[in-house]
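What follows is one structure encoded as structure tokens, with my remarks underneath.
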Amino acid sequence: NAGVTQTPKFRILKIGQSMTLQCTQDMNHNYMYWYRQDPGMGLKLIYYSVGAGITDKGEVPNGYNVSRSTTEDFPLRLELAAPSQTSVYFCASSPLSAGNTIYFGEGSWLTVV
Amino acid sequence: KQEVTQIPAALSVPEGENLVLNCSFTDSAIYNLQWFRQDPGKGLTSLLLIQSSQREQTSGRLNASLDKSSGRSTLYIAASQPGDSATYLCAVGAAAGNKLTFGGGTRVLVKP
Chain A
2 NAGVTQTPKF RILKIGQSMT LQCTQDMNHN YMYWYRQDPG MGLKLIYYSV
52 GAGITDKGEV PNGYNVSRST TEDFPLRLEL AAPSQTSVYF CASSPLSAGN
102 TIYFGEGSWL TVV
Chain B
18 KQEVTQIPAA LSVPEGENLV LNCSFTDSAI YNLQWFRQDP GKGLTSLLLI
68 QSSQREQTSG RLNASLDKSS GRSTLYIAAS QPGDSATYLC AVGAAAGNKL
118 TFGGGTRVLV KP
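First to last, the sequence lines map onto chains A and B. The first sequence begins at 2 in our numbering and counts up one residue at a time. The second sequence begins at 18 in our numbering and counts up one residue at a time.
Below, the structure is given as structure tokens:
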């Protein structure tokens, strides 16, 4: 029963490098999300998707890009990493109805040095 | 812009005591409100989901209330146990999709 799977779990990047955080879900959920959580803070929405081929910006999209070519996958791309992107990143998914429970992955810890 | 606040940021109680966690939000036009538990180094686990038309939800020792007009929700955990030690976050859902605005969380320690 995999649910939402994120990789990698931990990564250290140098300033200016790029990388992709992978996220896949096996629950056939339409909605997928990327959040970031800074130390001692709540989560902030980066990007979300309501279905394959459809993405939209959240509260803090600058410095990130996403794509949604399949229902299962929702990768998050960091271009030109900056120290301000040091954070924990969470991918999540939920069924079509907005009233349903949201399921989170276990997080990806990213440090930019 | 919706803002969600959780006070206090941290709470320590002896085992057996009831826990009361508070969440306030600025815009009462919400679709739903959810409470989550987060263990150190882990993702979030949904505890309770309250639709905007509901006043409360219960699951086992957990009870969450919602008062939209005053912009408040309260999570009650009865007879706390050391295993309840975690960070509890509330999040408010907007009308479109399930985009959530999170509070900063309350870190709970239940001492044996």
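Don't be surprised by glycine CBs; every beta carbon is placed ideally from N, CA and C.
For the pair residue 27/A and residue 75/A, the Cα-to-Cα distance works out to about 12 Å. DSSP places residue 25/A in the uninterrupted beta strand (DSSP E) bounded by 20-26. Excluding residues up to 5 positions away in sequence, 29 and 102 lie with their Cβ nearer than 6 Å to the Cβ of residue 126/B in the same chain. The alpha-carbon of residue 106/B is positioned some 32 Å away from that of residue 18/A. Cβ contact annotation for residue 78/A (same chain, cutoff 6 Å, sequence separation greater than five): 21 and 66, in chain order. For residue 95/A, the three-state secondary structure derived from DSSP is strand.
Proximity of chain B to residue 95/A at the Cβ level (cut-off 7 Å) is accounted for by 115, in chain order.
The segment 30-42 of chain A and the segment 81-90 of chain A touch, with no fewer than 3 CB-CB distances between them shorter than 8 Å. In this structure, the beta-carbon distance from residue 114/A to residue 15/A falls below 8 Å. Within the segment 53-67 of chain B, those residues whose Cβ lies closer than 7 Å to any Cβ of chain A are, in chain order, 59, 60, 61, 63 and 66. Taking 8 Å as the threshold, the shortest C-beta distance from residue 42/B to chain A does not fall below it.
The C-alpha of residue 72/A is placed about 34 Å away from the C-alpha of residue 79/B. Relative to residue 86/B, the option among 111/B, 60/B, 47/B and 100/B whose CA is nearest is 47/B. Contact of residue 73/A with chain B by beta-carbon distance below 7 Å is absent, the smallest such distance being about 18 Å. With fewer than three CB-CB distances shorter than 8 Å, the segment 102-109 of chain A does not count as touching the segment 20-29 of chain B. The C-beta distance from residue 43/A to residue 120/B rounds to 5 Å, short enough to fall under 8 Å. Residues of chain A whose Cβ lies closer than 8 Å to the Cβ of residue 120/B are, in chain order, 43. DSSP places residue 44/B outside both helix and strand once states are collapsed to three, so it counts as coil. Between the alpha carbons of residue 61/A and residue 53/A lies a distance of about 21 Å. About 12 Å separates the Cβ atoms of residue 36/B and residue 52/B, ruling out a contact at the 8 Å cut-off. Here the alpha carbons of residue 34/B and residue 55/A stand approximately 47 Å from one another. As computed with DSSP, residue 68/B is found in a beta bridge with 49/B.
Non-local beta-carbon contacts of residue 81/A in its own chain, meaning distances under 6 Å to residues more than five positions away in sequence, involve 17 in chain order. Of the candidates 19/B, 21/B and 31/B, the residue whose Cα lies closest to the Cα of residue 98/B is 31/B.
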